[in-house]
Amino acid sequence: MTIFPHWLLTIFTLCLYLPALSAGHLQLVSTESDPNAFIQNSVNVINGDYCESATDLVITGPDVLVVQRFYSTKDTISGIQAGG
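Residue numbering for the sequence shown follows our numbering, starting at 2 and increasing by one per position.
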């Protein structure tokens with residue numbers, strides 16, 4: 002009877018800890034933070050990351066619509082995904 006609360010506490014602790022593990026390895030790359038670290042606006046000399054962005058469409062008006070693409074070699078998401 003005393004084993005049940007220990008298992009419950011262990012499962013509860015794991016449920017809180019595991020989501021933090023999966024999000025901890027993601028590194029978002031931004032060209033806005035240190036533009037001097039990039040060579041020809043594509044290769045970061047600090048971490049070796051290659052990133053490229055392109056603006057495909059801009060529609061001006063009261064609400065501006067901008068369609069952009071972004072690629073990074075450090076992108077850890079794989080498989081079928083929306084956007085990119």
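Virtual Cβ for every residue (Gly too), placed ideally from N, Cα, C.
Put T56 into one of helix, strand or coil per three-state DSSP.
strand
Kindly indicate which three-state DSSP category I47 falls into: helix, strand or coil?
coil
If contacts are defined as beta-carbon pairs under 8 angstroms, then T74 and D50 qualify, I think. What distance do you get, rounded to the angstrom?
6 angstroms
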